[in-house]
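Q: Per my numbering, residue 2 is the first one in the sequence shown, and the count goes up by one each step.
The structure's right below; bear with me while I get my questions together.
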Amino acid sequence: MKNPDIDATQCSIAHLLGVLCLLLGICAAHAEDKPVVVWYVLDFAPAHIISGAAKGQGYHDANLYALIKRLPELQHRIIYSNGPRAYEALRNTPNACHPATVRTAERTEFMYFSQRVVNWGLPNGLIIRARQAAGFAPFLNAAGELQLEKLLTESPLRIGVIAKRSYGADIDAVLARHRDQVVETVSSNLLASNLNKLDTQNEFDATIGYATELYYLTWSHTVPANFQILPIAEARTLMPVAFGCSKTAEGQHLIELIERTLPQPEVQAAFTSAYLNWLPDERMQTYYRTRLAEQQPAP
Numbered sequence: 002m003k004n005p006d007i008d009a010t011q012c013s014i015a016h017l018l019g020v021l022c023l024l025l026g027i028c029a030a031h032a033e034d035k036p037v038v039v040w041y042v043l044d045f046a047p048a049h050i051i052s053g054a055a056k057g058q059g060y061h062d063a064n065l066y067a068l069i070k071r072l073p074e075l076q077h078r079i080i081y082s083n084g085p086r087a088y089e090a091l092r093n094t095p096n097a098c099h100p101a102t103v104r105t106a107e108r109t110e111f112m113y114f115s116q117r118v119v120n121w122g123l124p125n126g127l128i129i130r131a132r133q134a135a136g137f138a139p140f141l142n143a144a145g146e147l148q149l150e151k152l153l154t155e156s157p158l159r160i161g162v163i164a165k166r167s168y169g170a171d172i173d174a175v176l177a178r179h180r181d182q183v184v185e186t187v188s189s190n191l192l193a194s195n196l197n198k199l200d201t202q203n204e205f206d207a208t209i210g211y212a213t214e215l216y217y218l219t220w221s222h223t224v225p226a227n228f229q230i231l232p233i234a235e236a237r238t239l240m241p242v243a244f245g246c247s248k249t250a251e252g253q254h255l256i257e258l259i260e261r262t263l264p265q266p267e268v269q270a271a272f273t274s275a276y277l278n279w280l281p282d283e284r285m286q287t288y289y290r291t292r293l294a295e296q297q298p299a300p
């Protein structure tokens, strides 16, 4: 003989499971109704940190996650990528976005950009062995910036650069005038390889890179903490970084949503705080704050 209590319990469980499945189905259907944005995030620490102890704590991670938090009406998908793949997706995918890109004439052909600058980044600097800083002192201006043209004109010092990498129009122009003092290197780990060569070999006397990039490599013990970075006088202008999305109807709508969110002070503050954390020392933090105050438009 069946136990009526057991039958009732089984019916109740079946009923609850049915309700749960219905609710999950409704939630899934609701999620599918949201427009999807696919974020192409570059593997370039510490702008984006995609693995290790500091995963997700890059300075561009900060403003991306702050933005995602404030756009719950979208489904957000993140794909880690290299630069060529990301820009190929922006050409060919209707709902692709890049959280940290620089506007160029070529990119405007296939991307919409946020009109508001997401953040301002320091340009490349000259990286030297800290123990040899005194030898570069005659080439600094009153602001402590290295005069690259003067250095290469008045000294035989050589600069190690990564082949085919642009360091910005102003720096590239100076290097082009002194090709006999430029040593090109080829490596899969880019700046780290040049820093190790600078530290242990005599191929060149200095190299070029971002202050944040240098600090990340020393913080992660990829290279020893034997280096100092000097701002370059010919490249004082901070780099304006924007959000970019596919040049499609979907991309235009996504940019409009992003534009409405960017003025929120928390989004701007998230980046500035994270960026300062990845600068190598108080000297560079002070330099950044000074340059930012000079260049950033008033709200």
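Beta carbons: idealized from backbone N, C-alpha and C, even for Gly.
The model shown is predicted, which means the values in this text are computed figures rather than measured ones.
1) Which one of Y216, I233 and N278 has the shortest CA to CA distance from A226?
2) Let me know the secondary structure DSSP gives H61 once reduced to three states.
3) So the candidates are G145, H61, N83 and N64; which of them puts its Cα closest to the Cα of P232?
4) Can you tell me where the beta strand (DSSP E) with P85 in it begins and where it stops?
5) Identify the residues that DSSP records as bridge partners of M112: which are they?
6) Thinking just about the alpha-carbon of each residue, which of L152, A271 and L147 is nearest to the one in Y66?
7) Just to confirm, is the Cβ distance from I160 to L192 under 9 Å?
8) In the structure shown, what three-state DSSP assignment does A29 receive?
9) Is there contact between the segment 141-156 and the segment 77-95, where contact requires at least three CB pairs shorter than 8 Å?
10) Name the two residues that bound the continuous alpha helix (DSSP H) containing R292.
11) Looking at the secondary structure, which residues open and close the beta strand (DSSP E) in which A48 lies?
12) Following the continuous beta strand (DSSP E) through N120, name the residue where it begins and the one where it ends.
13) Please list, in chain order, all residues of the same chain as E150 whose beta carbon is under 6 Å from its beta carbon, the five residues on each side excluded.
14) Three-state secondary structure (DSSP) at A9?
15) Here's the rule: buried if 16 or more other CB atoms are within 10 angstroms of the residue's CB, otherwise exposed. What is Q296?
16) Excluding the 5 residues flanking K3 on each side, which residues of the same chain have their C-beta closer than 7 Å to its C-beta?
17) Could you have a look at G161 and say whether DSSP puts it in helix, strand or coil?
18) DSSP three-state call for R78: helix, strand or coil?
19) Compare the C-alpha of I230 against each of A138, I259, V183 and V187 and name the closest.
20) Where does the unbroken beta strand (DSSP E) through V224 begin, and where does it stop?
21) Apply the 10 Å Cβ neighbour rule to I63 and answer buried if 16 or more other Cβ atoms are within range, or exposed otherwise.
22) By a C-beta neighbour count over all protein chains shown, 10 Å radius and 16 as the cutoff for buried, is T287 buried or exposed?
23) Classify Q229 as helix, strand or coil using the three-state DSSP reduction.
24) If you draw a straight line from the alpha carbon of Y289 to that of D34, how long is it in whole angstroms?
25) Is the CB-CB distance between A275 and G59 below 9 Å?
26) Buried or exposed for T291, please, with buried defined as at least 16 other CB atoms from any protein chain shown within 10 angstroms of its CB.
27) Could you check if E283 is buried or exposed, using at least 16 other CB atoms within 10 Å of its CB as the buried criterion?
A: In short, the structure shows the following:
1) Selected option, being the one with the closest Cα: Y216.
2) helix
3) Taking only the C-alpha atoms, the option nearest P232 is G145.
4) Segment G84 to N93 is the alpha helix (DSSP H) holding P85; no beta strand (DSSP E) there.
5) In the DSSP assignment, the residues bridged to M112 are S247.
6) A271
7) Remark: C-beta atoms of I160 and L192 do not approach each other more closely than 9 Å.
8) Caution is warranted here: a pLDDT of 44 is assigned to A29, below 50, making its placement in the model unreliable, and the coordinate value is therefore given only provisionally. If DSSP states are grouped into helix, strand and coil, A29 belongs with the helices.
9) no
10) E283 to Q296 is the extent of the alpha helix (DSSP H) around R292.
11) That residue, A48, is in no beta strand (DSSP E); it is neither H nor E in DSSP.
12) Segment N120 to G122, the beta strand (DSSP E) holding N120.
13) V175
14) Unreliable positioning characterises A9 in this predicted model, as indicated by a pLDDT of 48, which lies under 50. A coordinate reading is not provided.
15) exposed
16) Low per-residue confidence applies at K3: pLDDT is 46, beneath 50, and the placement is therefore not dependable, though the value from the model is reported in the following sentence. Within the same chain, K3 has no close Cβ partners at all.
17) strand
18) Reduced to three states, the DSSP call for R78 is strand.
19) Looking at the Cα atoms, A138 is the closest of the given residues.
20) Note, V224: premise wrong, no beta strand (DSSP E); not H, not E.
21) A small fix is needed here, since residue 63 is Ala in this sequence, not Ile. Result: buried.
22) exposed
23) Here DSSP, grouped into helix, strand and coil, assigns Q229 to strand.
24) Note on geometry: alpha-carbon atoms of Y289 and D34 lie some 43 Å from one another.
25) yes
26) T291 comes out exposed.
27) By the beta-carbon neighbour count (other beta carbons within 10 angstroms, threshold 16), E283 is exposed.
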